[in-house]
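The structure appears below as structure tokens.
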Amino acid sequence: STIVLIFEAPKDFEFSFKPGEKIRLGEGISSL
Amino acid sequence: IGAAFMNYCKTLKWTPIPLGVGFAYICYLQYGHIKKREKRKQLKGVTPEEGLASPWQINVYKALPFRFTSRLWGQVNSLDVPHMLRKPIYGLYARLFNCNVSEALVEDLTWYQNLSDFFRRELKPGVRPVEQTRSLVSPCDGKVLHFGKVEKGWMEQVKGVTYTLQGFLGPSIRGQPHTETTSEIPEHDYQTSLSIRPGNSLYQCVIYLAPGDYHRFHSPTDWTINHRRHFPGLLFSVNPGVARWIRGLFNMNERVVLHGEWEHGFFSMTAVGATNVGSIGIYFDEDLRTNVPGRFKTGEYYDHHYNQSSNNNTKDNAPEGVQVVKGEGVGEFNLG
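As given, the protein sequences belong to chains U and A, one line each in that order.
Quick note on numbering: this note's numbering labels position 23 of the first sequence as 23, and the sequence is numbered without any gaps.
Quick note on numbering: this note's numbering labels position 281 of the second sequence as 1281, and the sequence is numbered without any gaps.
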């Protein structure tokens, strides 16, 4: 199964992880 | 002029040697670069284009009865397991797929009546603290396959393997008038039609849930869900290997798109089904039925608008839609 998020955000938005990284529910995924 | 030219040539007679040495040195450096590049290619394997499935391979894959077998798998796993067999069966599943049973709300495996129950197990309160300092958090446990900006209506499911925003969300997702004759528009125009606010960009993030992961998904932010779109579809595996092999995989699979607004504008969260996990439940949407028997056409979808009458979460005079807060449970994947 997969979850896909698509959203608009300010141009300086940055993700705070790398592709392939494991992530857990509730962990921050951005600089915002 | 001739004498002057000859004299000039005499002065050049030693020049070819350093030139030749310099040229040889440049060749040597270039040879080193080429060797390194070829080695890098070998280590990385084939390029995405070379590794993609051909149309006939996809057609063969499509012909496999994944939807039927998934429903059968779901039905079998909805049958109650005898009490004495529960621990060995679920224990084996947990070991095979590396489930962390100690995080489950109910650790006693004999409590779960069947494997489907165990698959959608709840977590203990507090084992997944929600970061309060960030406005956007992960909606689930999983592995990040890809993320980044959506450019000209194209997205990537893994690095270098693309799918279209229009194919994924379907026509007229936001504001645009929908008619029976709505047809495909250029990908760039589709992204423009989402009316992204000035100073903003569109982003995407793909998170893959492995079989042993916690299979419920929560709200990644505070937002209002206005609309649900269900695409009946195929049930190809979505593991990273297949995502690298089949271009547009997510546009083919059964999926439920929830879309609405957050503090920065457009926001959507989509649950994409997979082989044996084609049943998607949304807690505030009793009308939703996924992976049901029957044929479907590619691109076919069913819309549902959330309003006050179908929404118990909103208070009187609240705007239309379902308001969810960061970390709140939204739905779950089920076997079947």
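For every residue, glycine included, the Cβ atom is placed at its ideal position computed from N, Cα and C.
Under a Cβ-count criterion, where at least 16 other Cβ atoms within 10 Å of its own Cβ denotes burial, should residue i be classed as buried or exposed?
i: A/C1205; result: buried
i: A/P1139; result: buried
i: A/P1339; result: Because chain A in this structure spans residues 1001 to 1336, residue 1339 of chain A falls outside the shown range and cannot be described.
i: A/C1027; result: exposed
i: A/D1213; result: buried
i: A/R1289; result: exposed
i: A/P1125; result: exposed
i: A/R1197; result: exposed
i: A/H1218; result: buried
i: A/R1295; result: exposed
i: U/I6; result: buried
i: A/S1116; result: buried
i: A/M1006; result: exposed
i: A/L1165; result: buried
i: A/V1137; result: buried
i: A/V1322; result: buried
i: A/T1275; result: buried
i: A/P1220; result: buried
i: U/G26; result: buried
i: U/I23; result: buried
i: A/N1253; result: buried
i: A/L1105; result: exposed
i: A/L1079; result: exposed
i: A/T1162; result: exposed
i: A/Y1306; result: buried
i: A/W1223; result: buried
i: A/F1068; result: exposed
i: A/V1046; result: Because A/V1046 sits at a pLDDT of 49, beneath the cut-off of 50, its placement in the model cannot be relied upon, and the point is left open.
Please state whether DSSP places residue i in a helix, a strand or coil.
i: A/Q1323; result: strand
i: A/T1314; result: Interpretation of A/T1314 is limited by its pLDDT of 44, a score under 50 that renders its predicted location unreliable; the figure taken from the coordinates is listed afterwards. A/T1314: coil per DSSP, three-state reduction.
i: U/P10; result: strand
i: A/P1249; result: Looking at the sequence shown, residue 1249 of chain A is not Pro but Leu. Helix, per DSSP.
i: A/K1159; result: coil
i: A/V1257; result: strand
i: A/V1076; result: helix
i: A/F1231; result: strand
i: A/N1200; result: strand
i: A/F1279; result: It should be noted that the sequence gives Ser, not Phe, for residue 1279 of chain A. Strand.
i: U/K18; result: coil
i: A/V1046; result: With a pLDDT of only 49 at A/V1046, under the threshold of 50, the placement of this residue in the model should not be trusted; the figure read from the coordinates follows. In this structure, A/V1046 counts as coil in the three-state DSSP scheme.
i: U/S30; result: strand
i: A/L1123; result: strand
i: A/A1104; result: strand
i: A/I1034; result: helix
Can you name the residues that DSSP bridges to residue i?
i: A/S1070; result: Answer is none; A/S1070 lacks a bridge partner.
i: A/H1146; result: A/V1206
i: A/V1272; result: U/T2 and A/R1255
i: A/W1262; result: A/G1265
i: A/W1154; result: A/E1151 and A/T1164
i: A/V1330; result: BP columns for A/V1330 are empty, so no partner.
i: A/T1224; result: A/E1261 and A/Q1323
Name, please, each residue of chain U whose Cβ falls closer than 7 angstroms to the Cβ of residue i.
i: A/P1220; result: L5
i: A/N1200; result: E8, A9, P10 and K11
i: A/A1053; result: None at all; the shortest Cβ gap to chain U is about 18 angstroms.
i: A/S1138; result: I23, R24, L25, G26, E27 and I29
i: A/S969; result: Since the first and last residues shown for chain A are 1001 and 1336, residue 969 of chain A lies out of range.
i: A/P1129; result: G26
i: A/H1188; result: None at all; the shortest Cβ gap to chain U is about 16 angstroms.
i: A/I1196; result: E8
i: A/F1119; result: What A/F1119 touches in chain U: nothing, since even the nearest Cβ is about 11 angstroms away.
i: A/Q1204; result: V4, L5 and I6
Going along chain U, which residues have a C-beta under 8 angstroms from residue i?
i: A/K1159; result: P19
i: A/S1078; result: Going along chain U, no residue has its Cβ under 8 angstroms from A/S1078, so there is no contact; the nearest lies around 18 angstroms.
i: A/W1073; result: The contacting residues do not exist; A/W1073 stays about 14 angstroms from chain U at best.
i: A/K1143; result: G20, E21, K22 and I23
i: A/K1273; result: Here the sequence assigns Gly to residue 1273 of chain A, which means Lys is not the residue at that position. What A/G1273 touches in chain U: S1.
i: A/H1215; result: S1
List, in order along the chain, the chain U residues whose C-beta lies closer than 9 angstroms to that of residue i?
i: A/F1327; result: The sequence shown places Gly at residue 1327 of chain A, not Phe. The answer, in chain order, is L25 and G26.
i: A/T1270; result: T2, I3, V4, L5 and I6
i: A/G1022; result: Within 9 angstroms Cβ-Cβ: nothing; A/G1022 doesn't reach chain U, min ~42 angstroms.
i: A/V1106; result: Chain U residues near A/V1106: none, gap ~18 angstroms exceeds 9 angstroms.
i: A/G1265; result: F7, E8 and A9
So which residues of chain B does residue i contact, with C-beta pairs closer than 9 angstroms?
i: A/L1209; result: Looking for chain B here will not work: the only protein chains present are U and A.
At least 3 beta-carbon pairs within less than 8 angstroms: the segment 1151-1158 of chain A vs the segment 1187-1195 of chain A: yes
Please determine if the segment 1068-1076 of chain A and the segment 1261-1272 of chain A are in contact, where contact requires at least 3 C-beta pairs separated by less than 8 angstroms. no
Three CB pairs or more closer than 8 angstroms across the segment 1323-1331 of chain A and the segment 1278-1291 of chain A: yes
Counting beta carbon pairs with one atom in the segment 1208-1226 of chain A and one in the segment 1092-1108 of chain A, are three or more of them shorter than 8 angstroms? yes
Within the chosen definition, does the segment 1217-1237 of chain A reach the segment 1295-1305 of chain A through at least 3 CB pairs nearer than 8 angstroms? yes
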